[in-house]
Amino acid sequence: MVDARDISGKQKQIAVSEFFEKNKHFLGFDSLQRSLITAVKEAVDNSLDACEEARILPNIVVEINRLKGEDIELISQDNGPGIPRDAIENVFGKFLLGSRFHAIRQTRGQQGIGITGVVMYAQLTTGAKTRVISKIANDSSAVFVELGLDTRKNRAIKSKERREVWIDENTGEEVRHGLKISTIMKAKYQRGKQSVYQYLRMTSIVNPHATISLIVRGKDGEIIEEGKWIRTSERLPRVVEEIKPHPHGIQLGTLQRMLRESEQRKMTSFLRHNFSGVSVRAAKEVLSTSAIEDDRMPKRINSEDAKKLIASFQRVKLLPPPTDCLSPIDDLLIKKGLSKAIDSRFASTVTRLPTVSQGNPFQIEVGLVFGGDISADGPIEVLRFANRVPLMYQQGGCALTKAIESIDWKRYGLDHPGGKGLPKGAAAVLIHLASTNVQFTSEAKEAVADNEEVFDEIRKGLLEVGRGLKNHLKKKDQRKKAKEKFELVNVILPEIAKKTSKILGREEPDLAPVITQIMNAVFCEEELGWDKERKLATCSIKIFNYTARARAYTILLKWPENENITIVENSNGGRKEARGIWAWRLDTLNPGTSTTISVSLSGLSKGDWTDTDIFFRGNGDIIGATKIDEKILEEIRKSEALAAIRNEISESESQETNEIVSEGELVKKEETNNSDGINIFADFEEGSE
Amino acid sequence: MSIVGQRKTKEEVKDALKDIASEMHNKMEKGVPPSMTLPVRSKTNIGFDNKLGVYKYGKKKSTRDATSLGSARQLLRSLHVTEFIEQMIDSGKSSTLREMYYISEAWGHGKFGSQNESNNLAEDLEIVTKCLREDFKLRPEEDGARIIGNVTFEERNRKGDWMRINCRDDVGDSGYGVPYNVEAEKLTLIEEDVDFIMAIETGGMFDRLVENGFDEEARCALIHLKGQPARSTRRIMKRMSQEWNKPIIVFADCDPWSFRIYASIAYGAIKTAHISEYLATKGAQYLGITADDILAYDLPSDELTKQDLSALDSELTDPRFNTGYWRDQINLMKEIGKKAEQQSLAKYGLDFVTDTYLPEKLADIGLGY
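For the record, the sequence lines run as chains A and B.
For the first sequence, the residue numbers in my numbering are 1 to 689.
For the second sequence, the residue numbers in my numbering are 1 to 369.
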């Protein structure tokens, strides 16, 4: 990351404290309430990033104690790798700004000014030093040190440094590795939508691998608020690859600096080594389009030529940037995260495939929960995240919110008065934007700026979860109706017959033909369950023929097929119809009879599989199942084939990065990247919109 | 033609109820869902019966069959009620509608969800069997009206003796309480010395007229309707009008709900259109308060609420109000956007109603005194 001193290197040196004062609104220290949230955020983000890099499952404890007046003590402790003694000064004493431009990847830290801001704020408001305890696994003891800032020289002042064995106050055990900081600042603890509690709750949703706890104490040591979010996944986010910038996202100033600092002697090698997505062929084409010779020294390229280069970048066909620099949370984990924070009846989550906007890879994840304990009054709750960091302010001006507002939610079963603003009802919507370059509306970094591609991707994700909700509600309704019919024919009708017989002194009539006439339909009921002992997700599908004719159907089940999840038990055999779709051809079902199909899946955890779709093929309707659209099946098979091609290409690419790619292969690759892949299943019916 | 003469015997009532069960049983034997056929009970299905001079249900029928859970439950309840009534007839007991609602607790899936359901079902059975609630040994707990004036009834008391009551001399200030059953087996109209009968919506106004001695001054009998009048109240008015040949005058608030009170007295209520000829008094006249009165007497008034306005609009499509007089009154009321209570007349003093308002209004309709 770039040091504030370097950035302002050629400018007039200003005192950092002055800089802080002037800019505290966008540094997040503009009010007493927000300052506390920002301080917690800097500490927790650092802990999560450090644990992720060191491949440690994070345990983070945040303590907030109200002292006299407006003074608040903030303590944050993690089980991360700790900071080596010599690095402490830098981490806590230097102002860090923005993100690197030579190497790009998705990090949380992009969004803050770092923990130094906290040290600074504490010092400015109360004069307190920030106490740090750091233990790295390799050292026999921990470093205890107090830090202040020399605001004119922009560096930390250490004091009272000592080494000692660090015994955890709560457990009484020696801490093997970790970091603890505590400081005192002027701040205000407040509950509600914009609170430390809400910040940590949201953080826990998008970091299902973290255990986070919060204790807030009042002046007399009484507990005011408490929260504990235990990890629901043992899986750490994957390590993200650093990538070079892509020419489509480059700005003139940046390009000029890159040229200036370049070590290369030839333009082709400059282009190939400093950018992603530029093959030899593409580099040559860029140069010829810009009328720049290959043997020009990059250092000597003037601004006129640099402008030409920028223009050619847009004209020449380039490979898209790689997307493995992104760290999506994964839809199943979002579901877990959401369910640990919100009690609901229905949850649907989608992780879209990564895509690119102006040279920046990005990826959208969307989740929707409905029902249960969620309040049905007022607008839905919106949970916005950028690179796993909760966005808590400026909800109305954020592109993520606007995308939600752009959907006609009435079609998906939510109340949406006038089709404007946020829909109402017992729902919460989560949107996570993962990107190497999240563009915000302002330096406050609380609202994502408008971007058509991002907006479209979010909409697609929302439509998909919306459809899930619609199906869920429809199914709920069908289920209710079916239940009523069953009660009618199994309970009420026999009682009516018994009563009339008794009143009239006549024999009870045979009700079978009456029942057939009342029901006059085939019913399908599925039940998803969990076999605790054998750790299997179970599904049983029961089909009743309440019509006067014999029926024959093929029943299709949607199941979460992947490398780890397999069908281990299957009562009726059947066959794989497409990825995630299993089919059974049933024997003829005579009037008044029923049959049951049971399957068990391994590789899932409890609560992973709570909702599914049943389809059928055959004549006449089945209540509780949807007639399969053969076109949709075709699309699934097609996207499967595409996914296979994609895998092949990404494998071959990793072997021969930046090698010349034949024209044919290139086209194939572009296609792959533009396709919606597996999501086609959901987008299909949306074509009508 | 007396309704009382058409009253059914116990056996006829039981048979009529059994017909309902038979219809269901026969259907099931044929392999089709059991059902019960009823007239549509809404304002879209009432029409003026020229012969009877009241509004009756039209030809629209609805079939309640066991293809939905709600209807099937209704059928089951009908059978439970049938059985219950049979038992009461056999044991010589009667019960209130509310008691039946509680008794239904023991009927399992046939139990009522609300009192309203049991009331409606009792009416359904009346319609289908052409019997009266009284035949079913079911009675309401709503009490009937109060009467003050120089009229004399004979009522059979609990001991079975006939008791003679003059509604001016033998009663206190609260008047004669009308029993729930006012049929011949319970009540006889003996004699009268009045020129007309005035039905009054509110208790406050009834008491005012009693205190001012209006019944003697204007030679009339006063009836307190207690809001929407009970069946027995409407029935006794009908008998007084029919057997004594006296005009019935309705004095109510000026608001849409009071208009409906009048309509139920004069033309029949939508809910009881199956027995309109037995309850409604054709020729009952609406005296006031009218929208004209609000203007003419400059009465203190309230703004019409949203509900009032939609009630007025609904009345404009109600065939019972499809007369020039009512259309004018309703439209005028909408125009001025006001409603007024009977007691707003007190603006001009406690005696204004008996000294000025009523004499003037009665003179208008030829009942001056």
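The beta carbon of each residue, even a glycine, is placed where N, CA and C say it ideally should be.
An exposed status is given to Met163(B), since fewer than 16 other beta-carbon atoms sit within 10 Å of its beta-carbon. Within the same chain, and ignoring the five residues on either side of Thr63(B) in sequence, the residues whose Cβ sits closer than 7 Å to its Cβ are Ser35 and Thr37. Residues of chain B with a Cβ closer than 7 Å to the Cβ of Val491(A) are, in chain order, His109. Counting along the chain, the unbroken beta strand (DSSP E) around Ile75(A) starts and ends at Asp71 to Asp78. Taking a cut-off of 8 Å on C-beta distances, the region 323-331 of chain A touches the region 344-360 of chain A, as three or more cross pairs fall below it. Within chain B, no C-beta atom comes nearer than 7 Å to that of Thr547(A); the closest sits roughly 14 Å away. According to DSSP, residue pairing for Tyr55(B) in a beta bridge involves Phe48(B). Only residues of its own chain outside the window of five on either side were considered, and among them Met185 and Lys186 have a CB closer than 7 Å to the CB of Thr125(A), listed in chain order. With 16 or more other CB atoms across the displayed protein chains lying within 10 angstroms of its CB, Glu277(B) is buried.
Around the CB of Pro84(A), fewer than 16 other CB atoms lie within 10 Å, so the residue is classed as exposed.
Rounded to whole angstroms, the gap between the alpha carbons of Ala341(A) and Ala399(A) is 24 Å. Look at the region 19-31 of chain B: the residues with a C-beta under 7 Å from a C-beta of chain A are Ala21, Ser22, Met24, His25, Met28, Glu29 and Gly31. For Pro39(B), the uninterrupted beta strand (DSSP E) segment begins and ends at Ser35 to Pro39.
Interface residue (Cβ-Cβ distance to chain A less than 9 Å): Arg73(B) is classified as such. Against Ala16(B), chain A offers no close residue; the least beta-carbon distance is about 13 Å (beta-carbon pairs closer than 8 Å). For the set Arg219(B), Leu132(B), Tyr57(B) and Glu201(B), the Cα lying nearest the Cα of Tyr267(B) is the one of Tyr57(B). Val13(B) sits in a helix when the DSSP states are folded into three classes. Remark: C-beta atoms of Gln478(A) and Gly618(A) do not approach each other more closely than 9 Å. The residue from Asn562(A), Leu318(A) and Asp621(A) with its alpha-carbon nearest to that of Phe544(A) is Asp621(A).
The Cβ atoms of Ile289(B) and Phe251(B) sit closer than 9 Å to each other. Taking 8 Å as the cut-off between beta carbons, the residues of the region 492-508 of chain A near chain B are Ile492, Leu493, Glu495, Ile496, Ala497, Lys499, Thr500, Ser501, Lys502, Ile503, Leu504 and Arg506, in sequence order.
In this model, Arg176(A) and Ile56(A) are separated by some 12 Å (Cα to Cα). Residue-level contact check: Leu76(B) touches chain A, since one or more beta carbons of chain A fall below 9 Å from its beta carbon.
In this structure the region 362-372 of chain A touches the region 429-446 of chain A; the number of beta carbon pairs closer than 8 Å is three or more.
The beta carbons of Leu319(A) and Ser279(A) sit about 6 Å from each other, so the pair counts as a contact at 8 Å. DSSP places Met198(B) inside the beta strand (DSSP E), whose first and last residues are Phe196 to Ile200.
Here the region 301-316 of chain B lies against the region 329-336 of chain B, with 3 or more beta-carbon pairs under 8 Å apart. Taking a C-beta cut-off of 7 Å against chain B, the contacting residues of the region 513-531 of chain A are Pro513, Val514, Gln517 and Ile518, listed in chain order. Beta-bridge annotation (DSSP): Lys576(A) is paired with Trp582(A).
Here the C-alpha atom of Asn170(A) lies approximately 53 Å from the C-alpha atom of Ser639(A). Here His80(B) carries a helix assignment [DSSP, helix/strand/coil]. Ranked by Cα distance from Ile518(A), the first of Glu533(A), Phe486(A) and Arg506(A) is Phe486(A). Residue environment analysis places Lys219(A) among the exposed positions, since fewer than 16 neighbouring C-beta atoms fall within 10 angstroms of its C-beta. If you check the CB distance, Tyr102(B) and Ile147(B) do not come in under 9 Å. Under the DSSP definition of a beta bridge, Trp229(A) partners with Ile212(A). For the region 82-99 of chain B, the residues whose beta carbon sits under 9 Å from a beta carbon of chain A are, in order, Thr82, Glu83 and Glu86.
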